[in-house]
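**Student:**
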Amino acid sequence: MATPKAMRQPASLRFGSAAFLTLWCLIAAFPLFWILVMSFKSPADAFDANPLAVIFGPRTIAAGKGLSVIDLVLGLAVLWYAVRFAFTRLPQMVRAFTAPGLVILGWLVGCLGYAVVFIVLFFGLLPVVLDALNAIAGPLGQPVIGLTAEHYRAVWVGNEFYRNFINSLIVTGGVVTVSLTVGTLAGYGLARSGSNLAFWLLIAALIFRALPHSVLVAGYLPVFINSAEILRPILGDAAPTLYGQPLAVIAVLVAINQPFTIWMLRSFFQSIPVELDEAARVDGCTHLQAFRRVIMPVMWPGVITTGLFSFLLGYNDFLVTSLLLDAQNQTMVPAIAGYFNRETTTTDQAEAIAAAVSITAPLFLLVMVFQRQIVSGLTAGAVKG
Amino acid sequence: MAKIELRNVAKRWGNFVGVDKFDLTIADREFLVLLGPSGCGKTTTMRMIAGLEDATEGEIVIGDRVVNDLDPKDRDVAMVFQSYGLYPNLNVYENIRFPLRVRKVPQAEHDERVRRASAMVELDDFLHRKPAELSGGQRQRVALARAIVRRPAVFLMDEPLSNLDAKLRVSTRAQIKNLSHELKVTTVYVTHDQIEAMTLADRVVVMKKGVIQQVGTPTEIYDNPANTFVASFIGSPAMNLMDGTLQGGVFQGNNVRIEGLPGAGEEVTLGFRAEDASVAGPGETPQITSKLYTIELLGDAVMLTVRAGGSLVSVKAPKDFRAEIGDEVAFHVPPGICHLYDRRSGERTGARHPPSGDGPPPASDAERIATTPTGPM
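Protein chains in written order, with our numbering: chain B, 6 to 390; chain F, 326 to 702.
#1: How is the beta strand (DSSP E) around LEU331 of chain F delimited, first residue to last?
#2: So PRO485 of chain F contacts chain B; which residues on that side make the cut at Cβ distance below 8 Å?
#3: Spell out whether any CB of chain B is found under 8 Å from the CB atom of SER561 of chain F.
#4: Is there a C-beta anywhere in chain B that falls below 8 Å from the one on ASN414 of chain F?
#5: Apply the 10 Å Cβ neighbour rule to LEU481 of chain F and answer buried if 16 or more other Cβ atoms are within range, or exposed otherwise.
#6: For ALA403 of chain F, return the contacting residues in chain B, with the cut-off set at a CB-CB distance below 7 Å.
#7: Restricting to Cα atoms, I'd like to know which of F:ALA327, F:GLY339, F:SER505 and F:LEU665 is closest to VAL392 of chain F.
#8: Give me the subset of the segment 410-439 of chain F whose CB atoms are less than 7 Å from a CB atom of chain B, sorted by chain position.
#9: Can you give the Cα-Cα distance for ILE171 of chain B and PHE345 of chain B, rounded to whole angstroms?
#10: What does ASP394 of chain F touch in chain B if you count any residue whose Cβ is under 9 Å from its own?
#11: Using the three-state DSSP reduction, which class does MET301 of chain B fall into: helix, strand or coil?
#12: Counting contacts by CB-CB distance shorter than 8 Å, is PRO397 of chain F in contact with chain B?
#13: Touch check for the segment 396-407 of chain F and the segment 482-489 of chain F: three-plus C-beta pairs under 8 Å?
#14: Strictly below 9 Å CB to CB, what residues from chain F border THR189 of chain B?
#15: So, is the C-beta of SER460 of chain F closer than 8 Å to a C-beta in chain B?
#16: Tell me whether TYR167 of chain B sits in a helix, a strand or coil according to DSSP, three-state version.
#17: What is the rounded straight-line gap between the Cα of GLY80 of chain B and the Cα of PRO36 of chain B?
#18: Can you name the start and end residues of the alpha helix (DSSP H) that GLN463 of chain F belongs to?
#19: Distance cutoff 8 Å, beta carbons only. Does VAL380 of chain B sit that close to anything in chain F?
#20: Whose CA, out of F:GLY361, F:GLY343, F:PHE341 and F:LYS346, lies closest to the CA of HIS517 of chain F?
#21: Is there a Cβ of chain F sitting closer than 8 Å to that of CYS116 of chain B, yes or no?
#22: Going along the chain, which unbroken runs of the alpha helix (DSSP H) with 4 or more residues stay wholly within the segment 422-506 of chain F?
#23: Anyone know if the C-beta pair for SER73 of chain B and LEU130 of chain B falls short of 8 Å?
#24: For THR291 of chain B, return the contacting residues in chain F, with the cut-off set at a CB-CB distance below 9 Å.
#25: Taking 8 Å as the CB-CB cut-off, is SER443 of chain F touching chain B?
#26: Counting only C-beta atoms, is GLU165 of chain B closer than 8 Å to chain F at any point?
#27: Three-state secondary structure (DSSP) at PHE25 of chain B?
#28: Quick one: give me the first and last residue of the beta strand (DSSP E) that GLU521 of chain F is part of.
#29: For LYS644 of chain F versus VAL627 of chain F, is the C-beta distance shorter than 8 Å?
#30: Rounded to whole angstroms, what is the Cα-Cα separation between ARG428 of chain F and GLU283 of chain B?
#31: Could you compute how far the alpha carbon of ALA203 of chain B sits from the alpha carbon of ALA210 of chain B?
#32: Whole angstroms is fine: what's the gap from LYS430 of chain F's alpha carbon to LEU415 of chain F's?
#33: Using only alpha-carbon positions, find the residue among F:GLY461, F:PRO562 and F:ALA335 that is nearest to LYS760 of chain F.
#34: Just to confirm, are ARG426 of chain F and ALA551 of chain F a CB contact at a threshold of 8 Å?
#35: Let me check one thing: in DSSP terms, what residues is PRO264 of chain B bridge-paired to?
#36: State the beta-bridge partners of GLU384 of chain F as determined by DSSP.
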């Protein structure tokens, strides 16, 4: 692509900016890279003073856990093709095999099938093949880099981290669903209304947004702890104690998040011309039909972008979940903090690191799947007719 | 197929009057144009007919139903918007088909009707495209097709041509004229462009600040403007308006003296059209004599402008006429082409001119009448 002359930069500037960007990427990406490396090493290697020992893990190899050159090459190749397949062939297949009305179902089945096939191939078939290859390959079959999944096994199986994962799913799923449902309806109404009340509602939402989260938590906590007594006159003995319930945490997180989603969705709705509503209504839609059939299809980038932000809030929240949930019902983020609260050994720390890597993976997946909608949502150019 | 009655319709927002005492009957199959400068209430009037705006007062009747309390979808109208209002996520075919789907027209008819509508506006090659991949003119034709696919009782068009460039505007205008001739549906068309109004309308309603100034056929409005506002709004160039006094049948103002007019002793505004007057030939007594302010070559004619009666006055001359700015020129303005208005109220005081004009009509006048569309009204 030819750059116009006015935009062309001198070599020194280009070199300087490239160097700065590289440095900046290294600084930003280093912690992620480092915890990824550490999480696969035995504790002795992971906390070694020598960085090279952390990367190559001699003691992990000595314990019999390592990858040979063949393992690395074949493993990376399989991963590469799996990702390629997921982004090129999988959408084609889903499109080819699903009826027009069942696209979402088709995607669900497609993704599930893909995940099952991937797990069987990568964790079931591949190790067997590699073992056989390593046995006959001689020096190429010798392990060169230490890699052990023991911490992940300890976290997910030993410490029952999947319970925290399920709690996180409930909390974030609930937060996203409620705040998007209320947010789209409220955002649409506020965007299309010119009344003074709408303006003051938005200002009130802004004030709530500005409150520190701990204010809300301090307000909710005593009520949640005593909720059984408070609710007894109404619900009798069935009155629940809300403290420690993931569903109750959803309410608090929605209260924190809702002002933001309303503001964000409102600005997306405002970028959709009013003529679309009016054209739909003259063409034969009721108010609600116009919203559902004309406005919402144009709004998807905005809904997905806003949904991602509420997802991140629910998923990454520490303060609310750690204070309002007890140890049995914790979500993932406070659970990781829990690893450091015991008499911490290096093994605990390595497990905490493995757990930290575990909670990062879904975020990567999410952003990669929705990146196109997120980009068009953030630039907000996709909604102009 | 329906007539529309607007009975004393008004629209107010607090103290602001958008439309006031709008009383009009639009005949079945009539092409009515609401014309006026921006902010005159013409779009508000149309939106009240469509149901997108509530009338503060008065009754709106479409066919034989009072529709004041009906939703837009129940009024059986179709509307074309200035900024198209196309659904960006649907392709052209689905855009045109949308009204059929929403109104539960039997599936079997959809394809045929969509294709007939798209053929009428020559969109057959673009059916699979998204609106974003179309030019402005094509988008407006999609909007037209979406309006005609359903055969509504009334078409409403809100400045459909004003987002198009000049050349497209002319061709799309011709297309709209042809469509309305073919479909014979009652149409209300809003515009601020008087040429669109003159070329398309059966009848024109000229509005100013929410109040109707004049209702009539394009010829009627052009030949007999009811007041100085209409006179200065219609025609290109607009009618020349000069201030002066009328005494004993003689109009006198700065640089101008016209004899043989009716009425006396009044402060009046006198108007005449540039093409009705002419450069005074040898032997004719000139009514306006002044220094030439500017000369503009139009191709088919030359426009001469001088200062007279307190304003700039233009007269069309033959295309080979040449003069320099500052030269003395003399114009022949016979009393037969003059319109008289009360200076304070702006209302017409003189007699109405019959369509052919009294006295010997200038050559250009006969030509103009031949090309001006005449409606059935």
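Even for Gly, the Cβ is constructed at its ideal location relative to N, Cα and C.
**Tutor:** Per the coordinate set shown:
#1: Numbered from 1 along the second sequence, position 6 holds the residue referred to as residue 331 of chain F. Per DSSP, LEU331 of chain F belongs to the beta strand (DSSP E) from 329-338.
#2: Position 160 of the second sequence, counting from 1, holds the residue named residue 485 of chain F. Those do not exist, as PRO485 of chain F stays about 12 Å from chain B at its closest Cβ, beyond 8 Å.
#3: If you number the second sequence from 1, residue 561 of chain F lands on position 236. Residue-level contact by beta carbon fails for SER561 of chain F and chain B, as no gap is shorter than 8 Å.
#4: Reading the second sequence from its first residue, position 89 is the one you call residue 414 of chain F. It does: the Cβ of ASN414 of chain F has a partner Cβ on chain B nearer than 8 Å.
#5: The residue labelled residue 481 of chain F in the question sits at position 156 within the second sequence. By the 10 Å Cβ count, LEU481 of chain F comes out buried.
#6: As a first step, residue 403 of chain F is located in the second sequence; it is residue number 78 there, counting from the start. VAL287, listed in chain order.
#7: Mapped onto the second sequence, residue 392 of chain F falls at position 67. It is F:ALA327 whose Cα lies nearest to the Cα of VAL392 of chain F.
#8: GLY410, LEU411, TYR412, PRO413, ASN414, PHE423, PRO424, VAL427 and ARG428
#9: As a working mapping, residue 171 of chain B is identified with position 166 in the first sequence. As a working mapping, residue 345 of chain B is identified with position 340 in the first sequence. Cα-Cα distance, rounded: 21 Å.
#10: On the second sequence, position 69 is the one that residue 394 of chain F refers to. What ASP394 of chain F touches in chain B: nothing, since even the nearest Cβ is about 15 Å away.
#11: Residue mapping note: residue 301 of chain B aligns to position 296 of the first sequence, counting from 1. It is helical.
#12: Locating residue 397 of chain F in the second sequence gives position 72, counting from the first residue. Among the CB atoms of chain B, one or more fall inside 8 Å of the CB of PRO397 of chain F.
#13: yes
#14: Locating residue 189 of chain B in the first sequence gives position 184, where the first residue counts as 1. Chain F residues near THR189 of chain B: none, gap ~16 Å exceeds 9 Å.
#15: Numbered from 1 along the second sequence, position 135 holds the residue referred to as residue 460 of chain F. Residue-level contact check: SER460 of chain F does not touch chain B, since none of the beta carbons of chain B fall below 8 Å from its beta carbon.
#16: In the first sequence, residue 167 of chain B corresponds to position 162, counting from 1. Helix.
#17: Against the first sequence, residue 80 of chain B aligns to sequence position 75. Against the first sequence, residue 36 of chain B aligns to sequence position 31. C-alpha separation (whole angstroms): 24 Å.
#18: Here the question's residue 463 of chain F lines up with position 138 in the second sequence. Annotation for GLN463 of chain F: the continuous alpha helix (DSSP H) segment containing it runs 461-473.
#19: Start at 1 with the first residue of the first sequence, and residue 380 of chain B comes out as number 375. No, because no Cβ of chain F sits closer than 8 Å to the Cβ of VAL380 of chain B.
#20: For the purposes of this step, residue 517 of chain F is taken as the residue at position 192 of the second sequence. Checking every option, the nearest Cα to that of HIS517 of chain F belongs to F:GLY361.
#21: Residue numbering aside, residue 116 of chain B sits at position 111 when the first sequence is read from its first letter. No - not a single Cβ of chain F is within 8 Å of the one on CYS116 of chain B.
#22: 432-445 and 461-473
#23: On the first sequence, residue 73 of chain B is found 68 positions in, with the first residue counted as 1. On the first sequence, residue 130 of chain B is found 125 positions in, with the first residue counted as 1. No, they are not a contact pair.
#24: As a working mapping, residue 291 of chain B is identified with position 286 in the first sequence. Within 9 Å Cβ-Cβ: ASP396 and LYS398.
#25: Here residue 443 of chain F is taken as the residue at index 118 of the second sequence, counted from 1. Not closer than 8 Å to any Cβ of chain B, the Cβ of SER443 of chain F fails to qualify, so no.
#26: Here residue 165 of chain B refers to the residue found at position 160 of the first sequence. By this cut-off, GLU165 of chain B is not an interface position.
#27: As a working mapping, residue 25 of chain B is identified with position 20 in the first sequence. Three-state DSSP puts PHE25 of chain B in a helix.
#28: As a position in the second sequence, residue 521 of chain F is number 196, starting the count at 1. No beta strand (DSSP E) contains GLU521 of chain F, which is instead part of the alpha helix (DSSP H) from 519-525.
#29: The count along the second sequence starts at 1 and reaches residue 644 of chain F at position 319. The count along the second sequence starts at 1 and reaches residue 627 of chain F at position 302. The Cβ atoms of LYS644 of chain F and VAL627 of chain F sit closer than 8 Å to each other.
#30: For the purposes of this step, residue 428 of chain F is identified with residue 103 of the second sequence, where counting begins at 1. For the purposes of this step, residue 283 of chain B is identified with residue 278 of the first sequence, where counting begins at 1. Each residue's Cα considered, the two are about 16 Å apart.
#31: Taking the first sequence and counting its residues from 1, one reaches residue 203 of chain B at position 198. Taking the first sequence and counting its residues from 1, one reaches residue 210 of chain B at position 205. ALA203 of chain B and ALA210 of chain B: Cα-Cα distance of roughly 11 Å.
#32: Translated into the one-based positions of the second sequence, residue 430 of chain F becomes position 105. Translated into the one-based positions of the second sequence, residue 415 of chain F becomes position 90. This sequence places Val at residue 430 of chain F; Lys is not what is there. Taken atom to atom, the span from the alpha-carbon of VAL430 of chain F to that of LEU415 of chain F is near 19 Å.
#33: Shown here, chain F extends from 326 to 702; a query on residue 760 of chain F therefore has no answer.
#34: Residue numbering aside, residue 426 of chain F sits at position 101 when the second sequence is read from its first letter. Residue numbering aside, residue 551 of chain F sits at position 226 when the second sequence is read from its first letter. No; because the gap between Cβ atoms is not below 8 Å, this pair is not in contact.
#35: Residue numbering aside, residue 264 of chain B sits at position 259 when the first sequence is read from its first letter. PRO264 of chain B pairs with nothing; no bridge assigned.
#36: Against the second sequence, residue 384 of chain F aligns to sequence position 59. Answer by DSSP bridge pairing, in chain order: F:ARG332.
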